[in-house]
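Asks: Pasting in a structure now, in structure tokens, and then I'll have a few things to ask.
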Amino acid sequence: MNEDIRIHSWPCSYYLDTSKQWIPGKLSLTPVSIKFTADKTGELLVDFHLSGISEIKKESSHLIFSSLTILEKSTKHWFSSLHPNRNVVFNILEHFWREQLVSSQEAGAGAALESSKGKELTGMLEGSQKRLEDTAKVLHSQGEQFDNIMRGLHKIEGDMDVADRLLTELESPSWWPFSTKLWKTPLEAKPKETPSAPDPKTQEGILLRIPVIITHRTDSNAKPGKLTVLPSGLEIKDCNSQLLHRFESRDVDDIRVHTPYEISIRQRFIGKPDTSYRLLAARMPEVIPILEMQFSKKIQFLEDALGFAGARKSPQADLGTSIWQAATGFLGAAVNPGSPAGSAEGTDKEQVQMQKISQEEAKELRQILKKLKGLALETEAELERQDEALDSISSSVDRATLTIDRQNRRMRKLT
1 MNEDIRIHSW PCSYYLDTSK QWIPGKLSLT PVSIKFTADK TGELLVDFHL SGISEIKKES
61 SHLIFSSLTI LEKSTKHWFS SLHPNRNVVF NILEHFWREQ LVSSQEAGAG AALESSKGKE
121 LTGMLEGSQK RLEDTAKVLH SQGEQFDNIM RGLHKIEGDM DVADRLLTEL ESPSWWPFST
181 KLWKTPLEAK PKETPSAPDP KTQEGILLRI PVIITHRTDS NAKPGKLTVL PSGLEIKDCN
241 SQLLHRFESR DVDDIRVHTP YEISIRQRFI GKPDTSYRLL AARMPEVIPI LEMQFSKKIQ
301 FLEDALGFAG ARKSPQADLG TSIWQAATGF LGAAVNPGSP AGSAEGTDKE QVQMQKISQE
361 EAKELRQILK KLKGLALETE AELERQDEAL DSISSSVDRA TLTIDRQNRR MRKLT
């Protein structure tokens, strides 16, 4: 299904060697292939897989200016008159080509190993464990923010006590004998200097970092860079690892998912232009679930991405159920080889596949399940703690509001 998604398309001309002429049309990129369709006839003249590409180059000569060449096996394809410009098309095509090569190498290395149901199930559980660990990191960062809010509220309450004593002194008559003592009390009590805490930004863990193609605002130049997802926000860096912009979680106003491979992040300002970045990446489907978890109320799936969102959400619950059901059945088959793991009507082929799980794989599966259980319990405890913190914050805010209103009334009487 994802292979048919059109990531990007550009108007251009293709040199058809058989007729020795340039054909105007549209160059299209999908997650796994490159296609060129002629404008007049609608004929598909070029269609080849990204893994079959040997080289992508920017070339020019006295006859062909600003051209892009793609060497596919022994055939060299020429593209010219690229819009918006050649550099943008080159950066995007090269990015997806390199990511395809990396994924192909990983797939080839995985295929060389003996595949079994146990290894497949272990991989799925490890993916679930990683996702739960990422969720726990985000939750821990949120808990630290609640703790900072509580410390700020305690400081406000202390300041309100000082203000209350000062107002009491101002309201007292001039002949009151204890006035100087009340005045000196808050001045002599100097607050203790607390050592500055280390910057949490330098200590927080990285949830995910991927290579991306960056477009800033309406700039037509797309440049390679990196996107780093942190518990407290997002960092965008160029290809030299120089920080272009950091979005704090509270500063992000909206995230739009244009396609499963392209998003835009915006921060609004009053009186000056918004800060907006458009990011395109082959590994963007890995980032979107994390962004959806961090910015659940700010993320928006546009029309071309709604299918991806629905396809990702609906089977996910079924996938989770099937993982746990399969784990139960496969573990039972590994521990008790004599008893069938499935129903009595299962085929011999399914029984042979179930028997592929070794004792070592069953032991590894149990360890992963124990880790998942521990993570789930820790997450539940952290959620309960944050619920209590929210109740405490709410009551502290109410008390501070009442105290400020009361002291405002007292100050108005003095004036």
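First residue of the sequence shown: 1, per UniProt numbering; consecutive thereafter.
Yeah, the Cβ is synthetic: ideal placement off N, Cα and C, and Gly gets one too.
Remember, it's a predicted structure, so these values are computed and weren't measured experimentally.
Between the segment 253-260 and the segment 65-82, can you find at least three pairs of beta-carbon atoms closer than 8 angstroms?
Replies: no
Asks: Write down the C-beta distance between I210 and A281 rounded to the nearest angstrom, noting that I regard them as a contact closer than 8 angstroms.
Replies: The beta-carbon separation of I210 and A281, rounded to 5 angstroms, stays under the 8 angstroms limit for a contact.
Asks: Which residue comes first and which comes last in the beta strand (DSSP E) that contains I214?
Replies: Bounds of the beta strand (DSSP E) holding I214 are 208-216.
Asks: Would you mind reading off the limits of the alpha helix (DSSP H) that contains P289?
Replies: 284-294
Asks: Can you tell which of I393, R410, E382 has the C-alpha that lies nearest to the C-alpha of S141?
Replies: E382
Asks: How about I149 and I299: are their beta carbons less than 8 angstroms apart?
Replies: no
Asks: Taking the continuous beta strand (DSSP E) assigned at A38, which residues delimit it?
Replies: 33-38
Asks: State the Cα-Cα distance for the pair G374 and H49, rounded to the nearest angstrom.
Replies: 44 angstroms
Asks: Could you tell me which of K130, F295, N85, R409 sits nearest to G233, measuring between CA atoms?
Replies: F295
Asks: For E157, tell me which candidate among T403, K73, N408 has the shortest Cα-Cα distance.
Replies: Of the candidates T403, K73, N408, T403 places its Cα closest to the Cα of E157.
Asks: DSSP three-state label for G271, please.
Replies: coil
Asks: Straight-line CA distance for N87 to L93?
Replies: 10 angstroms
Asks: Count the other CB atoms within 10 Å of the CB of F247; is the residue buried (16 or more) or exposed (fewer)?
Replies: buried
Asks: Could you tell me which of S395, R268, A222 sits nearest to N85, measuring between CA atoms?
Replies: A222
Asks: Could you please give me the residues that DSSP links to H8 through a beta bridge?
Replies: L29
Asks: Going by beta-carbon coordinates alone, are I368 and Q129 separated by less than 8 angstroms?
Replies: Yes; because the gap between Cβ atoms is below 8 angstroms, this pair is in contact.
Asks: Apart from the five residues on each side of it in sequence, which residues of its chain come closer than 7 angstroms, Cβ to Cβ, to H258?
Replies: S264, L302, D304, A305
Asks: Who are the near neighbours of E262 in its chain, counting only those whose CB is closer than 6 angstroms to its CB and skipping five residues on each side?
Replies: L280
Asks: Is the CB-CB distance between A136 and Q407 below 8 angstroms?
Replies: In this structure, Q407 does not lie closer than 8 angstroms to A136 by Cβ.
Asks: Measuring CA to CA, which of I34, I53, G52 is closest to S44?
Replies: The sequence shown places Leu at residue 44, rather than the Ser named in the question. When only C-alpha atoms are compared, the closest one is I34.
Asks: Considering only DSSP beta bridges, list what W22 is partnered with.
Replies: Y15
Asks: Checking the sheet assignment: what are the DSSP bridge partners for Q300?
Replies: Answer is R256, bridged to Q300.
Asks: Give me the DSSP bridge partner(s) of F247.
Replies: DSSP output for F247 lists L234 as bridge partner(s).
Asks: Give me, in chain order, the residues of the same chain whose beta-carbon lies closer than 6 angstroms to that of E114; leave out the 5 immediate sequence neighbours on both sides.
Replies: With a pLDDT of only 46 at E114, under 50, the local geometry of the prediction cannot be trusted, and no value is derived from it.
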